[in-house]
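Numbering (the numbering used here), first residue to last: 1 to 496.
Down below is the structure, laid out as structure tokens.
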Ligand SMILES: Cc1cc2nc3c(=O)[nH]c(=O)nc-3n(C[C@H](O)[C@H](O)[C@H](O)COP(=O)(O)OP(=O)(O)OC[C@H]3O[C@@H](n4cnc5c(N)ncnc54)[C@H](O)[C@@H]3O)c2cc1C
């Protein structure tokens, strides 16, 4: 095991992309075996030291930013154990937590399969994506990481390693009673009602939930995920994509409504219009992108990126279906882009991924932090939420962009302040967005998790009672509250 105890040696473990600053960290432990993970946790328990689990630091909400104590880094748990493929073309991959998401994609592809969740940041560790229940553009069709986790191994705060296979331990009316090795556990899952939308905030809760789902999305507060087994799908014969530009947001929203409806009706079809991704760029996003990609049409007030699986036989008819649907909704058809070959598909992906990087460049040029939302609302209220954004942002002094996973009614609203005063004013508006979204039955975080940045909003969402119930679950595994301190659960709740 590598141990770094000189701060200068471990500066790269002290941040993520949230801009939060770490506390007085004593050392970073980088175990190479599961036994070593247990040893670090046992040492921390014995000496009552805080432990923060570190993935690859691509998180946006400060989950891995340690308040002090020890950091347990998963970098060296980087073995691919196995890839198996069934006769029907589906399969399983078993990897350690520190394997890169990009490696999982490459391995799956090598065997003619895909790992369906596609969080944008490929340099995340797979353990980090499971700990945050990450999702991405393709979650419109495939859902979040949770749906693709078959089993995990998790090291609990006392060092005990729990192996969980989906379907083996299930709650009865929220109540878990189970034994593993010499240990017996009995506790109740939180009983709050999770919104029935894309959602990644707080511990999972359902009356008949699987224990594995408690650990998925628990953001390093219940245990260290050391190994995961993930489900894979057959690689589609072909995928094509397009970027459709619209002269007004109303046209665009009407288009999305129908594309979404058809996609849901035609699920699993490679013959009928059926998107795997439906992604949105607002007018401000296109202005940003135009700086790098001058072919972005001037007159566009918004754009949609779509992706569709097809076969050689169905490709032309599906292209025509997308073309006609765009035409019906008065898309700027002559300026829109339809992929003619795999190179075009790659370029469209690059165009979609370029926006967060361009925003980050703007922020570092101006030395300011963005205010960034991860709100999703039920479909019924999506247009209302858009109206709320416009009511506060149109005509305001702020620079902003709104983009993201419109098929999931989940957009990232980013205010990009020019200075500290604007940052403070932007925070006020952000709080209003959260309140409005919660009134509509929405979530404070659909994919990035709560981390340390959004703890106060989680309390707003679930109330003190909801947080107390989470704290009780945590106390069952981590009675001293040493793991992931400051993430998800405010310190004041840890002794309840
Ligand atoms: C440009 C960009 C684009 C992004 N796009 C997306 C996107 O499309 N979808 C999305 O969901 N996210 C996205 N993210 C956020 C980020 O990539 C994900 O949250 C990712 O899952 C974090 O993985 P990581 O290994 O970097 O984890 P870290 O940032 O290191 O940690 C994240 C949290 O997980 C915990 N953790 C990490 N590993 C483990 C483990 N093995 N066991 C227990 N707990 C652990 C940490 O303690 C922390 O709380 C994006 C980030 C960036 C910078």
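We treat Cβ as the ideally placed atom computed from N, Cα and C, and that holds for glycine.
Look at the beta carbons and you see the region 28-40 touching the region 58-73: at least three pairs across the two are nearer than 8 Å.
At least one heavy atom of ligand 1 lies closer than 7 Å to the C-beta of residue 448. Residue ranges of uninterrupted alpha helix (DSSP H) with 4 or more members, entirely inside the region 52-136 and ordered along the chain, are 101-110 and 126-131. When DSSP states are grouped into helix, strand and coil, residue 406 belongs to the helix group.
Three or more Cβ pairs closer than 8 Å define a contact, and the region 331-351 falls short of that threshold against the region 403-413. By the criterion of a C-beta distance shorter than 6 Å, residue 481 is surrounded in its chain by 494, once the five residues flanking it on both sides are discounted.
For residue 288, the uninterrupted alpha helix (DSSP H) run begins and ends at 283-292, by DSSP. Taken atom to atom, the span from the alpha-carbon of residue 155 to that of residue 382 is near 40 Å.
In this structure, the beta-carbon distance from residue 220 to residue 483 falls below 8 Å. Contact check for residue 242 and residue 337: beta-carbon distance about 6 Å, within the 8 Å limit, so the pair qualifies. Among the bridge pairs identified by DSSP, residue 476 is matched with none. Counting C-beta atoms within 10 angstroms of its own C-beta, residue 217 has 16 or more neighbours from the protein chains shown and is therefore classed as buried.
With a beta-carbon spacing of about 10 Å, residue 489 and residue 472 fall beyond the 8 Å limit used to define contacts.
Shown here, residue 311 sits in coil according to DSSP, grouped into three states, outside any helix or strand.
Three or more beta-carbon pairs separated by less than 8 Å link the region 270-282 to the region 305-315, which places the two stretches in contact. DSSP, reduced to helix, strand and coil, places residue 231 within a strand of the structure shown. Residue 398 places its beta carbon 8 Å or farther from that of residue 442.
Residue 89 is positioned such that its CB atom lies closer than 8 Å to that of residue 234. Note that the C-beta distance between residue 67 and residue 485 is below 8 Å. For residue 366, the uninterrupted alpha helix (DSSP H) segment begins and ends at 342-366. When 265, 266, 291 and 252 are compared, the shortest CA-CA separation from residue 304 is found for 252.
For residue 219, the distance from the CB to the nearest heavy atom of ligand 1 is below 7 Å.
Contact between the region 313-330 and the region 171-179 is absent: fewer than three C-beta pairs spanning the two stretches fall below 8 Å. With a cut-off of 7 Å, the C-beta of residue 125 is classified as near ligand 1, since at least one heavy atom of the ligand falls inside that distance. DSSP places residue 264 in the uninterrupted alpha helix (DSSP H) bounded by 249-265. The beta carbon of residue 414 sits no closer than 7 Å to any heavy atom of ligand 1.
Here residue 231 is not near residue 322, since their CB atoms are 8 Å or more apart. Set against 7 Å, the gap from the CB of residue 481 to the closest heavy atom of ligand 1 is not smaller.
Per the coordinates, the alpha-carbon of residue 128 lies some 17 Å from the alpha-carbon of residue 34.
Using a C-beta cut-off of 8 Å, the region 43-62 makes contact with the region 110-127, since at least three inter-stretch Cβ pairs fall below that distance.
Residue state for residue 411 is assigned as strand, using DSSP reduced to three classes. For residue 39, the uninterrupted alpha helix (DSSP H) segment begins and ends at 34-47. Judged by DSSP secondary structure, residue 212 falls within the alpha helix (DSSP H) whose first and last residues are 211-215. Not one heavy atom of ligand 1 falls within 7 Å of the beta-carbon of residue 260.
Uninterrupted beta strand (DSSP E) stretches at least 3 residues long and entirely within the region 166-228 occur at 175-180 and 183-188, given in chain order.
Close CB contacts of residue 436 within its chain, under the 6 Å cut and outside five residues either way in sequence, are with 388 (chain order).
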